[in-house]
Structure formats: structure tokens, C-alpha cells
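In what follows, a structure is listed as C-alpha cells, so that the remarks can point back to it.
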Amino acid sequence: MYIDVGDLDIFRDEDLEYTCRIAAASVHIELYAYPGVYYGFEMLAPAISTTALVMASRIKAIKA
């Protein structure tokens with residue numbers, strides 16, 4: 002399972018809590034937290050380097 006979240010995301014705390022609950026259930030989960038970005042940043046700022054990093058991580062997770 003894969004989750005990514007920006008540290009300025011309004012859902013950050015919920016995402017972190019959910020990740021902990023999934024891990025506690027012995028389910029493999031990967032959490033990627035990106036500093037300085039907010040919910041939906043990849044659509045609003047497609048040219049920043051963090052967006053390229055996020056998209057590469059998502060593609061890797063989908064292919065895994």
C-alpha cells in the first residue's frame with residue numbers, strides 16, 4: 002500500500018494516523034511525506050521538482 006502527503010496538507014494528520022493503523026495491522030505500507038507542499042500541489046504546481054518526485058514515486062508504487 003502507498004500513501005503520500007505534503008506536510009502542509011490539511012489531511013496530513015489523518016493520513017499519518019491511517020498509516021499507523023494499517024501498519025499496526027501488519028500490512029505493508031509505504032508513506033512518503035513531502036515538506037513544504039499542500040493538498041493537490043502536484044496539479045497546481047506541475048513544474049516544481051517535488052511534483053516530479055511524487056509522480057515518480059506513484060508510478061513506481063503502481064508498477065510494484
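Residue numbers are given in my numbering: position 54 of the sequence shown equals residue 55, and the series is strictly consecutive. Ideal Cβ placement from N, Cα and C applies to all residues, glycine included.
Of the residues M44, V38, I4 and R59, the one whose Cα lies closest to the Cα of R22 is I4.
Judged by DSSP secondary structure, Y3 falls within the beta strand (DSSP E) whose first and last residues are Y3 to G7. A contact between stretches requires three or more CB pairs, one per stretch, nearer than 8 Å, and the region 10-17 meets this requirement with the region 27-40. Excluding sequence positions up to five before and after D8, its CB lies within less than 8 Å of the CB of A34, Y35, P36, G37 and V38, all in the same chain and listed in chain order.
DSSP places Y33 in the strand class (E or B) of the three-state scheme.
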